[in-house]
Every structure is written in C-alpha cells, then in structure tokens.
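Comments concern the structure below.
Written out as structure tokens, the structure reads:
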C-alpha cells in the first residue's frame, strides 16, 4: 500500500501556495505516494476532518502552519496529528517568528516536522528541541512562458514598498519613548547589516542600553512573548522598507516599475502597479522585463526567498543582495548579479551597465539563470527531496515497530469532534 499524504491548502492571495502544492503533489505522486488535497474553511471543517480521518494519511502537509487543524479529545484541544498519530509537516516560507502565535500553540506537539528556507530559522526552532529540516524554495516550470517573450520594460522592482517615515509616525502613536527608540535603532542596525538575524541583533543592541531598559525588555519578552515577537516582526518589516525605499529613491536615471502596493510619495521615474501581487501576474511582468531588481526581506538573513527563484525562471537578469545560499546555489555574474544594499551608486551603476553597455551579457546571464533553476531548482526536485525525507521517517518507524515501540494509527480514535477553528 502506498504511503498517503494530505496537503491542507489554505487561501493565499499571491498564489504561491497553490503552485507549490501542485508541484509537490505531482512529484510525490510520481514517487509512489498517494496524495490528497483538501481546502478547509470555517464552513466545511467537519467534512474536511472526516475526509482526513477516513483517508488515514501517514502525513499531513501545510505552509506556515496555516493549515494546522485542532480537534477536541477528552475535553482538551489537540492538534489533529497528535490524535491520529500521523506526522504533520509544515514548510515555513519566511521566518517562523512571523507566525509565532500559531507556532506557540504547536510547540507542545512531537508530531510536527518543520521545514525552513533559512539556516537561522532552523537553528532557532532546533534550539526549542523541534524536528527541523532545510528545504529551499523551487519553481513550478509549468508557470513560466517560453524564454522568447519580448522585453517591454527596463527595470522592475518587486514590492511592497513603504516610506519608513510613515512607519515611524505610526510607532510614535503606539509605542512609548523607549520602545520607539529601540525599534528605530534596531531597524537601522538590520538595515546596515543585511546578514544579521533579528533575534541576534535584538540581543546585541539591547546590551548597549541601560540596565533598567534591559530588564524592562526582558520582562516584556517573558510575560508577553507573542507581543514581543510581533514587535520584532514590525521592526524587521521597517528595516525591509527602509532598505527598499532607499534603493528606489536613489535611482535617478531609469524608470522603475514597482510591482505591488506602495505607501508614500515616490519620484517621477517610479511607476506603480499596485494590483500586481499574484504569482502569475508577477511572472508575466518579469518575463517582459530586462532587469528584475529585488531586495530580500531581513526575515531571510542567509537563505533565498521564493521570489529570487521566480525571477530567475522568468528569464530576466536578476539583481539581489548576496546571501549564503546564493553562493551555494547560484553563481554571481553567471546566474544572477548581486549588490550591496547600502551601495546605491553600485546598484544604479550595474543597472546602467547591463542596460546600456552590455545587453548581450545581460541576456546571457538571464538565460543561464533560467537554465539553472529549470535544471536544478524546481519544486519537482524539492518534492523528490521531500519524498526521500518522508521515506526515511517511514523506515525508522517500521524499525521501531519491529522493536515494539510504535503504535499503529489503526488503534487511534477515529471519531473526533473537531474544534471549528483553523490556525
């Protein structure tokens, strides 16, 4: 009998979850897994839970813990995987800290396997004693047009983008002076040091403040942990927009097409396409663009975001800050072009070079970048890696069962009244 896996698909306005789910399900089906996809809502949660119980999967899978289902058993709310005795796999496409409220409710479970796209994320989860594995993003080749699409635009910048002054103004209304000052300084520290994880940066910066403030911040984290990580998330977003706004504002000689919403007054050379946020729309636009200028969110200090692979697959020359993973997966000057986010002269200089002086070189790098991700970084290949990982879990469970350590899911209670709630 084939091992069964259920993908729990949840709404995603960008459409990234849809395309990754489709690719992984195809890849696992080709590797002797039986796959089922469910889409829970508040209206059909009982039906979905019943489907999962009847299907009896060895694994359930979601993204960012958005499809984690809780059920009621013995008067207590428990994760469905704990009740069924299967393994729930969640793939964080950004920092797990962003999803801390959901993560905290799952930390007591030993039935979860966490996949991350950044080594720092894995270390943080591992420090809590959780089972963690690294899985980089990948593209679904079926999403992409052929590489001969005519180039209509010079430069595209993938947003969103917000004037950091707007963020500071909102903070002044919500934070006291100490929290406000620390947030601004921490954001600027992350801005200047793009490879520094926010949790390390926060501890480092706090050591520079007076003892009373240090104690107050430690108390804040200990007594209101979820609020504290939400605070760090806001600071990280501030650092991201500080970096993006500075890049956009520094470019003088070229028209910049921003894909996604923009908050703030931009210069005359900036064109905003605020409604282009969906995965397929971004791919379509980038495929018609000569240079894609990307800026990593500080949430991903060592890894590569899905957007980088998406841009490369679109056959556009991709410019992005260097990361540890970019040196591992891709070659600067061959597959993509890297820049330092603080060096705006370098950024505009490279745009000018590849647009005006070296169009053939630009086209060659764009072609090689596309070839590299199509050959080595597809979601189908990530699915193969995932299949190997899940098969290893099955083999270990079978070995434990032979030693009398495992309990069959057939012995688990099947009639479960679910809590009508999705995290």
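Numbering (the working numbering), first residue to last: 7 to 429.
Cβ coordinates follow ideal geometry from the N, Cα and C atoms, glycine included.
Which value, in whole angstroms, describes the spacing of the CA atoms of residue i and residue j?
i, j, result
"residue 121", "residue 333", "21 Å"
"residue 33", "residue 220", "49 Å"
"residue 44", "residue 75", "12 Å"
"residue 37", "residue 389", "9 Å"
"residue 24", "residue 184", "42 Å"
"residue 343", "residue 133", "34 Å"
"residue 138", "residue 365", "43 Å"
"residue 422", "residue 59", "Because the pLDDT at residue 422 is just 39, under 50, the model does not fix this residue reliably, and the value given afterwards should be weighed accordingly. The straight-line gap from Cα to Cα measures roughly 8 Å."
"residue 159", "residue 227", "47 Å"
"residue 51", "residue 361", "52 Å"
"residue 30", "residue 143", "11 Å"
"residue 46", "residue 310", "30 Å"
"residue 434", "residue 54", "Residue numbering for the chain in the displayed model covers 7 to 429; residue 434 lies beyond these limits and cannot be assessed."
"residue 319", "residue 290", "11 Å"
"residue 88", "residue 40", "21 Å"
"residue 257", "residue 156", "24 Å"
"residue 11", "residue 213", "46 Å"
"residue 244", "residue 380", "34 Å"
"residue 446", "residue 326", "Look at the range of the chain in this structure, 7 to 429, and you will see that residue 446 is not part of it."
"residue 363", "residue 355", "11 Å"
"residue 127", "residue 18", "22 Å"
Let me check one thing: in DSSP terms, what residues is residue i bridge-paired to?
i, result
"residue 94", "66, 118"
"residue 403", "DSSP, once it has assigned bridges, lists no residue as partnering residue 403."
"residue 276", "262"
"residue 236", "The partner list for residue 236 (beta bridge, DSSP) is empty, contrary to what the question assumes."
"residue 84", "77"
"residue 384", "145"
"residue 60", "According to DSSP, residue 60 bridges with nothing at all."
Would you call residue i buried or exposed, if buried means 16 or more other Cβ atoms sit within 10 Å of its Cβ?
i, result
"residue 400", "exposed"
"residue 70", "buried"
"residue 65", "buried"
"residue 26", "buried"
"residue 404", "exposed"
"residue 370", "exposed"
"residue 273", "exposed"
What is the residue span of the alpha helix (DSSP H) that residue i lies within?
i, result
"residue 207", "204 to 212"
"residue 229", "217 to 229"
"residue 32", "22 to 35"
Between which two residues does the beta strand (DSSP E) carrying residue i extend?
i, result
"residue 12", "10 to 14"
"residue 44", "40 to 44"
"residue 78", "75 to 79"
Write down every uninterrupted run of the alpha helix (DSSP H) in the region 110 to 163 whose length is 4 residues or greater and which is fully enclosed by it, in chain order. 125 to 133
Considering only residues of the region 279 to 365, which uninterrupted beta strand (DSSP E) runs meet the minimum length of 3 residues and lie entirely inside it, listed in chain order? 295 to 299, 323 to 327, 343 to 345
Output the residue ranges of the beta strand (DSSP E) runs that lie fully inside the region 165 to 202 and measure 3 residues or longer, sorted by chain position. none
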